[in-house]
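Residue numbers (this note's numbering): 12 to 206.
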């Protein structure tokens with residue numbers, strides 16, 4: 012989609028977009044000078060950044076949004092997972108961290124997974140690393156809103172829900188596999204499939 016469409020589906024103003032871009036805070040790269048190469052995932056990243064920037068600095072909000080899609084992988088914000096998906100910026104204290112270490116990371120998953128993932132990440136760093144904060148944002152409804160905006164504006168990206176789950180569920184979390192197998196059984200009328 013073009014930049015004008017990206018801004019329309021995200022509610023971001025030209026001024027805000029250009030300010031993010033000028034300061035290097037955009038959660039994605041501008042790939043061409045015609046601004047015509049944006050995806051629905053870019054729209055989710057931009058909307059997430061704008062939302063997070065209300066409670067943290069733009070650099071941290073951009074970092075969260077830039078890492079959100081990768082943190083969710085192989086699930087995407089558009090995947091019907093049966094549960095709401097969240098991304099979170101965690102901050103931690105690490106007295107013996109290498110110089111220049113920023114002491115933040117992005118984790119993602121269901122609400123019930125976030126604290127465990129954050130704690131596990133920090134405890135794997137070093138014995139003296141301590142979790143300081145977890146700031147989470149729900150991305151499932153945000154993705155639905157983005158897609159509905161694209162559909163309502165008549166954009167090609169709004170033609171079909173973009174959530175495809177691989178036939179092979181290798182790499183997906185166990186809770187997701189269980190849900191997806193049940194969904195497939197209900198939709199396609201057959202039970203067990205190879206994972």
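Backbone N, C-alpha and C define an ideal beta-carbon position, used for all residues, glycine too.
Would DSSP call residue 98 helix, strand or coil?
Looking at residue 98 - three-state DSSP - the assignment turns out to be strand.
Start and end of the alpha helix (DSSP H) containing residue 15?
That run of the alpha helix (DSSP H) goes 14-21.
Looking at residue 117 and residue 175, is the spacing between their C-beta atoms short of 8 Å?
Against a cut-off of 8 Å, the Cβ pair of residue 117 and residue 175 comes out as no contact.
In the structure shown, what three-state DSSP assignment does residue 33 receive?
Of the three classes helix, strand and coil, the one that applies to residue 33 here is helix, per DSSP.
Buried or exposed by the 16-neighbour rule on C-beta atoms within 10 Å, applied to residue 155
Burial call: exposed.
Is the segment 132-143 close to the segment 85-100, with three or more CB pairs under 8 Å?
With fewer than three CB-CB distances shorter than 8 Å, the segment 132-143 does not count as touching the segment 85-100.
Taking just the CA atoms, how far does residue 75 sit from residue 100?
In this structure, the straight-line span from the alpha carbon of residue 100 to that of residue 75 is close to 6 Å.
Measuring CB atoms only, is the segment 159-177 touching the segment 15-22, in the sense that at least three cross pairs come out at less than 8 Å?
Yes: at least three Cβ pairs fall under 8 Å.
Going by other Cβ atoms of all chains shown within 10 Å of its Cβ, with 16 needed for buried, is residue 98 buried or exposed?
Per the 10 Å Cβ criterion, buried.
Do you know how far the Cα of residue 177 is from the Cα of residue 28?
Near 34 Å, if we compare the C-alpha coordinates of residue 177 and residue 28.
Taking the beta carbon of residue 55 as the centre, do at least 16 other beta carbons fall within 10 Å, making it buried, or is it exposed?
Per the 10 Å Cβ criterion, buried.
Am I right that residue 153 and residue 16 are in contact with their C-beta atoms under 8 Å? What's the rounded C-beta distance?
No, residue 153 and residue 16 are not in contact; Cβ-Cβ is about 17 Å, not under 8 Å.
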